[in-house]
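From first to last, the protein sequence lines stand for chains A and B. Heads up, the first sequence is in the working numbering, so the first residue is -5 and it goes up one at a time. Heads up, the second sequence is in the working numbering, so the first residue is -5 and it goes up one at a time. Each remark here refers to the structure printed beneath this line.
Number of protein chains: 2
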Amino acid sequence: MRDVLIPRSGIHLRLVLAFSLLWASFDGSVAADGPHIATASHIDAGRVQANLEHLAGIGSDPAGGITRLGLSQAELDAHKYAVDLMKDAGLSVRIDAAGNVFGRREGSAKLPVILFGSHLDSVPHGGAYDGPLGTIGAIEVIRALNAAHVKTRHPLEVVVWTNEEGPHFGVSAFGSSVAAGSVGPEVLDRKDEQGETVADWLRRYGQDPGQLASARIAPGSLAAIVELHIEQGPNLEEAKIPIGVVQGIVGLRRWKCVATGTANHAGTTPMTRRHDALATAARELLAVRDSVRAEDGRQVGTVGYLKAEPGAPNVIAGRVEFPYELRDLDAAKIERMYAATQKRFADIDREEGTTTVCTEVNHIEPALGDPRIQATIREAARTAGLATMDLPSGAVHDAGEISRLAPMGMIFVPSHAGISHAPQEFTSPGDIANGVEVLYRTIVLLDKKLGAKPTA
Amino acid sequence: MRDVLIPRSGIHLRLVLAFSLLWASFDGSVAADGPHIATASHIDAGRVQANLEHLAGIGSDPAGGITRLGLSQAELDAHKYAVDLMKDAGLSVRIDAAGNVFGRREGSAKLPVILFGSHLDSVPHGGAYDGPLGTIGAIEVIRALNAAHVKTRHPLEVVVWTNEEGPHFGVSAFGSSVAAGSVGPEVLDRKDEQGETVADWLRRYGQDPGQLASARIAPGSLAAIVELHIEQGPNLEEAKIPIGVVQGIVGLRRWKCVATGTANHAGTTPMTRRHDALATAARELLAVRDSVRAEDGRQVGTVGYLKAEPGAPNVIAGRVEFPYELRDLDAAKIERMYAATQKRFADIDREEGTTTVCTEVNHIEPALGDPRIQATIREAARTAGLATMDLPSGAVHDAGEISRLAPMGMIFVPSHAGISHAPQEFTSPGDIANGVEVLYRTIVLLDKKLGAKPTA
């Protein structure tokens, strides 16, 4: 393997030049709960890398990384590339009214669909793996099934969800949320930075925005939803475990707070007479951290900015706006942390002579992974000789939305240094091959296990 | 007295309709160190109020308060109004290359000039008193001397300094700094929000920017510099003392700091693996406050904003830029506080795994008031039956710059609720009349006291 720098995007993609070395590299990462067997690979790791490299050129940003925003020309170009790959793989392609792309491979029985895939949009200056890995990996599973002449009982569908990241329209997991019925026509008039609406973009994707509700997936039509994704955290890499079995996608609650004090002259206002909204907000930021740290566990809490007004070096801030968010798999723990922060905020306001008011702006319930699918992913990894670790997903994913319709499972592979949403985002070719192989085996196993239950 | 609302500016100016009541109102504010005598007033308080009201209409801002930025058409209009008032008062007017306006009244002896005045520019959405009081008050002193047929031994000059506030060209006390020789032609190319340079504006003020250095005042040419100003703090009002004798203008040191951590995903990065630059900066803000509070005294320290990057609710901040400033009359105390903050910053960086680097961007030494002028102001107030309080100026003033050339004194009057640089800035007509009367008496006394020392 060697590093190939793609100058136009500044992204490193490691082209696998010696595929024969790939599986040898697993020796270091096969761990305690799986036998050290040299298992044959069903998938073509080099083809996956080549597809990922091609995608990295779509939306590559001169200022660094990849900017392939959801509902933009770059995402549309990436979708077209995926459609071509799907058709090459013999899938019959349809695009729903939310722009989601589905590639279908019929099954031998009348059963609900096993759906798997991910997204192709990125954050601004994002990386090459968040989304593309799960999308290309899913297409590769179909190609590998074709190559092995495997006929499944369930119909299989590869999906590319539209606009998962969603920073510019203010709605994340857009395509999957429409499919799950949790987002509707109320978003059609939202505008991006150029003033184009969601509706405008859906028309460019070849869809009729008035038919958005038709993209809703009927309950009972899915047997399972499975998503392969990079971890976006450091846990797998640090534990040297190649496969993560996602216990669930954490719940997320986010508040926007405004701390109000009194703006005044920084030179003439005595320290004892100040009602400094920024000092209040600084203490509240630390209170959020303390409240999150007060319990054991993987819960997280973050304040990403403090916006002070008037915001001059020589004026005491009179108003500070800041968001804070809390995430955990356990909704009750989030509620406990929220109550603790609010109690601390009240104490701080009393001490500082300020007022802090917080309004909830996001409330996503935890989405638990289906235990049978988790067991299937563990089994798939074991048969491939790969160790697994159970862990939550701290990030939101399309699979979380679809878990409201069908049993859900997610497979994680290591993210180098835990970095994501940045040009430095990197997962090694070996880890990618592991993940796609485990996805292949998971789909095959699920087809057997879930097949006992036919549709009505 | 009744309140008159001037709708175009939203500023309250209290028009004095019954001047005979004015001095009666002093009973409440005459205090311990001055005799309770009913002293006749030399100045015309109604004329001062009328002039201030006229000025409040120049640059009144539809969005609130007065926006009469230094080196703008509004300031130029205000200067023209001052020139008219000066000429009406019999002063011979000259304008220097920095746009500063001087109105001269000859003395009977060959002595250096007693200079007094202030500025007419404001901050955006500022008030009606910061600057205009000292300017109109100085012109009123001349008118009162004329009315009383007082001939001074020293030549007297009323000054209107250009661009004292200076937010848009990034140089405060512009006119007085040029006069003191601490600012030179290097500022001529600085641009305002419309792209106009300092040089462009000086041309509109009728000056040749190439001659800027000619505005420097020759050492020895001034006997004293005196400035009447609103306190801009709450001390006088809270102590119910009508006259402040300024001990000096505090030194000001300001740093720009950058705290660098690691930007990362707020959902996937465990609490124990974070290097959150905003948590570091929040702790550093509180460390600045703690370091300032650690000693008794009037010193102040402020962090006016924390600018986080990337600044999204779901991303741990990787970089935070923030200013901090420390002010005190004692430069050694500022240095001690600075050392204490830097030690705390290093501890915080070590604990958080971050790096904070601070660069000094302003360093203004304290400017001490001349003890003889302070004594003269106290005497002037005492003869007028007004109590005084010694206090530092926490704000920067033109007189501080000129104190590098000549003995300096400042007279403060109360600011309602300590509010300044805001539309709510207010000083009562009684307090204004007190201040102008004390300025009158101070100038008359200084003329006698300083007159013993002729120029070479």
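Quick reminder that beta carbons are idealized off the backbone N, C-alpha and C, glycines included. Since we're looking at a predicted model, the values are computed, not measured.
With a threshold of 16 other CB atoms inside 10 Å of the CB of residue 183 of chain B, please say whether the residue is buried or exposed. To locate residue 183 of chain B, count along the second sequence from 1; it is residue 189. It is exposed - the Cβ of residue 183 of chain B has fewer than 16 other Cβ atoms within 10 Å.
Excluding the five sequence neighbours on either side, which residues of its own chain have a C-beta within less than 7 Å of the C-beta of residue 145 of chain B, listed in chain order? In the second sequence, counting from the first residue as 1, residue 145 of chain B sits at position 151. Contacts found: 102.
Identify the contact partners of residue 332 of chain B in chain A, using a Cβ-Cβ distance below 9 Å as the criterion. Within the second sequence, residue 332 of chain B is the residue found at index 338, counting from 1. Here the premise fails: no neighbours, minimum Cβ distance about 15 Å.
Is residue 223 of chain A helix, strand or coil when you go by DSSP? Stepping through the first sequence from its first residue, residue 223 of chain A is reached at position 229. In this structure, residue 223 of chain A counts as strand in the three-state DSSP scheme.
Run through the DSSP bridge pairs and tell me what residue 110 of chain B is partnered with. By one-based count along the second sequence, residue 110 of chain B stands at place 116. Bridge partners of residue 110 of chain B: B:152 and B:220.
Would you mind working out which of B:77, B:215, B:238 and B:442 sits nearest residue 380 of chain B, comparing C-alpha positions? If you number the second sequence from 1, residue 380 of chain B lands on position 386. Looking at the Cα atoms, B:238 is the closest of the given residues.
Along chain B, which residues have their Cβ under 9 Å away from the Cβ of residue 376 of chain A? Stepping through the first sequence from its first residue, residue 376 of chain A is reached at position 382. Within chain B, no residue comes near residue 376 of chain A; the closest Cβ sits about 25 Å away, beyond 9 Å.
State the Cα-Cα distance for the pair residue 90 of chain A and residue 196 of chain A, rounded to the nearest angstrom. Working through the first sequence from its first residue, we reach residue 90 of chain A at position 96. Working through the first sequence from its first residue, we reach residue 196 of chain A at position 202. Roughly 10 Å between the two C-alpha positions.
Considering residue 250 of chain B, what are the terminal residues of the beta strand (DSSP E) in which it resides? For this step, residue 250 of chain B is matched to residue 256 along the second sequence. Here the beta strand (DSSP E) through residue 250 of chain B covers 245 to 254.
If you draw a straight line from the alpha carbon of residue 114 of chain A to that of residue 334 of chain B, how long is it in whole angstroms? Walking along the first sequence from the start, residue 114 of chain A turns up at place 120. Walking along the second sequence from the start, residue 334 of chain B turns up at place 340. Cα-Cα distance, rounded: 51 Å.
Residues of chain A with CB under 7 Å from residue 319 of chain B, in chain order? Against the second sequence, residue 319 of chain B aligns to sequence position 325. Correct list: 260, 307 and 308.
8 Å Cβ cut-off: residues of chain A touching residue 225 of chain B: As a first step, residue 225 of chain B is located in the second sequence; it is residue number 231 there, counting from the start. Under the 8 Å cutoff, chain A gives 262.
Please check the pair residue 259 of chain A and residue 309 of chain A, which I expect to be a contact at CB under 8 Å, by giving their CB distance rounded to whole angstroms. To locate residue 259 of chain A, count along the first sequence from 1; it is residue 265. To locate residue 309 of chain A, count along the first sequence from 1; it is residue 315. Yes, they are in contact, since the Cβ atoms of residue 259 of chain A and residue 309 of chain A sit about 7 Å apart, within 8 Å.
If you run the structure through DSSP and keep just helix, strand and coil, what is residue 84 of chain A? Along the first sequence, read from residue 1 onward, the residue named residue 84 of chain A stands at position 90. Coil at residue 84 of chain A, not helix or strand.
Between the alpha carbons of residue 134 of chain A and residue 153 of chain A, how many angstroms are there, rounded? Start at 1 with the first residue of the first sequence, and residue 134 of chain A comes out as number 140. Start at 1 with the first residue of the first sequence, and residue 153 of chain A comes out as number 159. For residue 134 of chain A and residue 153 of chain A, the distance between alpha carbons rounds to 13 Å.
Cα separation between residue 211 of chain A and residue 396 of chain A? The residue you call residue 211 of chain A lines up with position 217 of the first sequence. The residue you call residue 396 of chain A lines up with position 402 of the first sequence. One C-alpha to the other measures close to 9 Å.
Just to make sure I have the definition right: I need the residues of chain B whose C-beta is within less than 8 Å of the C-beta of residue 413 of chain A. Which are they? Here residue 413 of chain A corresponds to residue number 419 of the first sequence, with the count starting at 1. Simply 258.
Among B:141, B:321 and B:63, which has the Cα closest to the Cα of residue 118 of chain B? Taking the second sequence and counting its residues from 1, the one referred to as residue 118 of chain B is at position 124. Of the candidates B:141, B:321 and B:63, the one whose C-alpha sits nearest the C-alpha of residue 118 of chain B is B:63.
With 16 other Cβ atoms within 10 Å as the buried cut-off, status of residue 291 of chain B: Here residue 291 of chain B refers to the residue found at position 297 of the second sequence. Burial call: exposed.
Neighbourhood of residue 288 of chain A by C-beta distance below 6 Å, restricted to the same chain and skipping five residues each side: Position 294 of the first sequence, counting from 1, holds the residue named residue 288 of chain A. So the list is empty, once near-sequence residues are dropped.
Could you tell me the boundaries of the beta strand (DSSP E) in which residue 38 of chain B lies? Locating residue 38 of chain B in the second sequence gives position 44, counting from the first residue. Looking at the DSSP string, residue 38 of chain B is not in any beta strand (DSSP E), and its letter there is neither H nor E.
Any beta strand (DSSP E) of 3 or more consecutive residues that is wholly inside the region 298 to 370 of chain A: 301 to 303, 313 to 322 and 349 to 358
Does any residue of chain B bring its CB to less than 8 Å from the CB of residue 265 of chain A? Counted from its first residue, the first sequence places residue 265 of chain A at position 271. Chain B contact via Cβ: present.
Does the contact criterion of 3 or more C-beta pairs under 8 Å hold for the region 336 to 349 of chain B versus the region 293 to 307 of chain B? no
Name the DSSP beta bridge partners of residue 459 of chain A, please? Within the shown structure, residues of chain A are numbered from -5 to 450, placing residue 459 of chain A beyond reach of any answer.
Interfacial residues, the region 380 to 395 of chain B to chain A, with Cβ spacing under 9 Å: 387, 388, 389 and 390
Which one of B:416, B:138, B:78 and B:307 has the shortest CA to CA distance from residue 437 of chain B? Looking up residue 437 of chain B in the second sequence gives position 443. Among B:416, B:138, B:78 and B:307, the Cα nearest to that of residue 437 of chain B is on B:138.
Going by DSSP, what residue range makes up the beta strand (DSSP E) through residue 386 of chain B? Within the second sequence, residue 386 of chain B is the residue found at index 392, counting from 1. That run of the beta strand (DSSP E) goes 382 to 387.
Run through the DSSP bridge pairs and tell me what residue 258 of chain A is partnered with. Residue 258 of chain A sits at position 264 when you count from the first residue of the first sequence. A:310, per the DSSP bridge assignment.
Mark residue 112 of chain A as exposed unless 16 or more other C-beta atoms lie within 10 angstroms of its C-beta, in which case mark it buried. Numbered from its first residue, the first sequence carries residue 112 of chain A at position 118. Residue 112 of chain A is buried by the Cβ-count criterion.
Which two residues bound the contiguous beta strand (DSSP E) that contains residue 296 of chain B? Along the second sequence, read from residue 1 onward, the residue named residue 296 of chain B stands at position 302. Unbroken beta strand (DSSP E) run through residue 296 of chain B: 294 to 296.
Note down, in chain order, all residues in the region 282 to 309 of chain B with a beta-carbon under 7 Å from any beta-carbon belonging to chain A. 283, 286, 287, 292, 294, 296, 297, 298, 299, 300, 302, 305, 306, 307, 308 and 309
With DSSP as the reference, label residue 18 of chain B as helix, strand or coil. Reading the second sequence from its first residue, position 24 is the one you call residue 18 of chain B. Residue placement at residue 18 of chain B is poorly supported in this model, since its pLDDT is 32, which falls under 50; the coordinates still yield a value, given next. Three-state result, residue 18 of chain B: helix.
Closer than 7 Å by beta-carbon distance: list the chain A residues that pair up with residue 228 of chain B, in chain order. For the purposes of this step, residue 228 of chain B is identified with residue 234 of the second sequence, where counting begins at 1. The answer, in chain order, is 267.
With residue 60 of chain A and residue 120 of chain A assumed to form a contact (beta carbons below 8 Å), what rounded beta-carbon distance in angstroms separates them? Residue numbering aside, residue 60 of chain A sits at position 66 when the first sequence is read from its first letter. Residue numbering aside, residue 120 of chain A sits at position 126 when the first sequence is read from its first letter. Contact holds; Cβ gap of about 5 Å.
Name the residues in the region 206 to 220 of chain B whose C-beta lies less than 8 Å from a C-beta of chain A; which are they? none
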